[in-house]
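One structure is given below, encoded as structure tokens.
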Amino acid sequence: MSETSRPLNFIERIIEEDLKSGKVNTIHTRFPPEPNGYLHVGHAKSIWLNFGLAQRYGGTCNLRMDDTNPEKEDEEYVESIKADVQWLGYQWDGEVRYASDYFDQLYDWAVYLIQQGKAFVCDLNAEEMRQYRGTLNEAGKESPFRTRSIEENLDLFERMRAGEFADGSRTLRAKIDMASPNINLRDPVLYRIKKATHHQTGDKWCIYPSYDYTHGQSDALEYISHSICTLEFEDHRPLYDWCIQNLPVPAEPHQYEFSRLNLNYTVTSKRRLKQLVVENHVDGWNDPRMPTISGMRRRGYTPKAIRNFCEMAGVTKVEGVVDLSMLEHAIRDDLNEISPRAMCVLHPLKVTLTNYPDDKVETMTAPVHPQNEAMGTREMPFCCEILIDQDDFREEANKQYKRLVLGKRVRLRNSYVIEADAAIKDADGNVIEVRARVIENTVGKDPADGVKAKGVIHWVSARENVDCEVRLYDRLFNDPAPDAGGKNYLEFINPHSLEILQGCKGEIGLANATLDDRYQFEREGYFVLDSKYSTPEKPVFNRVIGLKDTWEKAAS
RNA sequence: AGGGCUGUCGCCAAGCGGUAAGGCACUGGAUUUUGAUUCCAGCAUACCUAGGUUCGAAUCCUAGCAGCCCUGCCA
């Protein structure tokens, strides 16, 4: 990731121009999630963007809970959000902020707007307000309450706050323009009555400010220089600016919009993710197949890989769909570099080495990482009974097949070359054991007779190994766009997205694996202990992602 | 009486009037005790369409077309 050579994205360009012109001196950004669900890969991009920008330009980034709707929010979510941001490698400036920290100030400013004749208490109910709003093609009508006196508005607003009126019976609205082609400017609601307990402010308030009335002022109070959000808020920018211009705020922040991240074969909407969890299509919010940050964490993705992926995908206003292969590349790229290698046989097939003494045990030494000597070496016992993968043996095969074949040779990785002599089968004709011979003096060198092995396969001692469960994951959906158009994404759930393998046998070093270690099981992929089900007695490994496999593709 | 935004390779994405970067994917080939990694090579006479301006246009102008967002007291 040569961050230095990458061309600037449009937001970086704006920032550099602002810095250069002196429009701003310091960069202050913020990541403003609503604590009403778990964060997903789309939020990861926003986190990367906001925190990354602050980092790059020597500024700071706040974490602010956009908590203006107590009915949908919960403390559980704020905790998960904090954990996710930190896991991604970022630290917010100072304390976590809450839009609710500003409720008093926001209230005072609402009173100010009323005093300026720019806001009024409206008695229209939701249905009436909809009718008065007009449509996309027709101007709206002014509320009959729009002309109330400032005194009456002040009195009514105070009583709204005091709890005298029922939920939904009145609102405070900005007085802007009912004929605006931008519906957000047709006297938008600033405050609504909700007699609900708030997770931060308890029962102090029964009126709550709307997002539009809250966001810009919160930005101003935090001296946010660049308020970055997604494209759907473009139409709200005029209202954001209206509030800033009509209120005695301490700063004049600006909003910029970029396109949200879309990934194919993936669903990212809090509503849909929640349904997957609630209806038990997955094993919780952190199911390793989920695109949630907690899911990716449990799956074994690394923060660095996710950050690199965000950078690779770029920042624009084009609404595209990023190919999953780009994410997978980022994951493999990082894992390849950092992962210790190990051997683990997923579908064990016993191989008896008939010319190797039954009581002999040799210690084989192998590099922890073939491209990085500094990572050291590891050792594993070798004896006359070993296990290889069922897929790595065939009684006969064409020359494309580079594994063990009857009468042919294969290299046991980090060990001897062996030659298969016989296949022992059960009553159903399944091969249950292979008899083979070790070719002498082939550890670290080719056979003296010049007959080289065709390929290399992994193995593990049948007598000394780590028994484990392995979970193989595949994409959660079969369809590239499971929720496009009118499609019901539940119909595209991949029935083979989770395959649980029991009785897998790993090399002995795997007994020391910790939750933080990611291994490359050679020739298989990258694996990590599952934080939910793994125990010291019974390790459970998640496959983070398979190795790139050009052979399987060519063969199929 | 509609408004806002976006259209460059299969997917992301540079480009900002001087003759189409890069990444992913894909295809060859080299090295390899991982069919991995690494390495090298190939991969848009073409930039939504049609006109126009210009010596020269993906970039400027005009007219279209397509997609996304907006009619919550959600964010």
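Going by the working numbering, the first sequence opens with residue 12, and the numbers climb by one from there.
Every residue gets a Cβ at the ideal spot worked out from N, C-alpha and C, and that includes glycine.
- Distance from the CA atom of N505 to the CA atom of R486, rounded to whole angstroms, is 7 angstroms.
- Under the 10 Å beta carbon count, D119 is surrounded by fewer than 16 other beta carbons and is classified as exposed.
- Listed in chain order, the non-local C-beta contacts of I239 below 8 angstroms within the same chain comprise I22, T40, S57, L60, N61, L64, Q266, Y267, E268 and F269, local neighbours out to five positions each way being set aside.
- Distances from the alpha-carbon of R203 to those of F404, L196, R184 and E153 put R184 closest.
- Across the structure, A353 and V462 are spaced so that their CA atoms are roughly 27 angstroms apart.
- The shortest C-alpha to C-alpha distance from W103 to any of L74, P81, D78 and F538 is the one to L74.
- Here S221 has T79, P199, V200, L201, Y202 and R203 as same chain residues with Cβ atoms under 8 angstroms from its own Cβ, once five neighbours each way along the sequence are excluded.
- Here the segment 41-50 makes contact with the segment 83-102; the two share three or more CB pairs at distances below 8 angstroms.
- Annotation for V449: the continuous beta strand (DSSP E) segment containing it runs V442 to I450.
- By the criterion of a C-beta distance shorter than 6 angstroms, A324 is surrounded in its chain by V333, once the five residues flanking it on both sides are discounted.
- In its chain, beyond the 5 residues on either side, T363, T365, D432 and A433 have a beta carbon closer than 6 angstroms to the beta carbon of R446.
- Residue ranges of uninterrupted beta strand (DSSP E) with 3 or more members, entirely inside the segment 380-423 and ordered along the chain, are 388-393, 396-400 and 420-423.
- Note that the C-beta distance between L124 and L232 is not below 9 angstroms.
- Per DSSP, T365 has no beta-bridge partner at all.
- Cβ-Cβ separation between W470 and S426: approximately 7 angstroms, consistent with a contact (criterion under 8 angstroms).
- Closest by C-alpha distance to F244, out of Y234, E162 and H226, is H226.
- Taking the Cα positions, S91 is about 52 angstroms away from A464.
- When the five nearest sequence neighbours on each side are left out, the beta carbons in the same chain lying within less than 8 angstroms of the beta carbon of A341 are those of A316, I317, N319, F320 and M323, in order along the chain.
- Short of 6 angstroms from the beta carbon of L483, and not among the five residues preceding or following it, lie these beta carbons of its own chain, in chain order: E510 and R554.
- T376 has E390 as its beta-bridge partners, per DSSP.
- Comparing C-alpha distances from E535 to each of Y544, D494 and N347 shows the shortest one belongs to N347.
- In its chain, beyond the 5 residues on either side, A231 and Y234 have a beta carbon closer than 6 angstroms to the beta carbon of A262.
- Counting C-beta pairs closer than 8 angstroms gives fewer than three between the segment 272-285 and the segment 512-523, which falls short of the contact rule.
- F488 is a Cβ neighbour of V278, given a cutoff of 9 angstroms.
- Sequence-distant partners of G53 (beyond 5 residues in either direction) whose C-beta falls short of 6 angstroms from its own C-beta, in its chain, are R271, L272 and T279.
- By the beta-carbon neighbour count (other beta carbons within 10 angstroms, threshold 16), Q531 is buried.
- DSSP places H292 in the coil class of the three-state scheme, outside both helix and strand.
- The beta carbon of Y224 lies closer than 6 angstroms to those of L201 in the same chain, with the five residues before and after it left out.
- Taking every protein chain shown into account, the CB of S32 has fewer than 16 other CB atoms within 10 angstroms, so this residue is exposed.
- Sixteen is the threshold: when 16 or more other Cβ atoms of the shown chains lie within 10 Å of the Cβ of S472, as they do, the residue is buried.
- Under the 10 Å beta carbon count, S350 is surrounded by 16 or more other beta carbons and is classified as buried.
- Looking at the DSSP output, M76 bridges to Y109.
- Between H210 and V379, the C-beta gap is not smaller than 9 angstroms, which leaves the two residues out of contact.
- Within 10 angstroms of the beta-carbon of W296 lie 16 or more other beta-carbons, which makes it buried.
- In the DSSP assignment, L501 falls outside any beta strand (DSSP E), carrying neither H nor E.
- With distances taken between CA atoms, N275 lies nearest to G331 out of M307, R309, G331 and R300.
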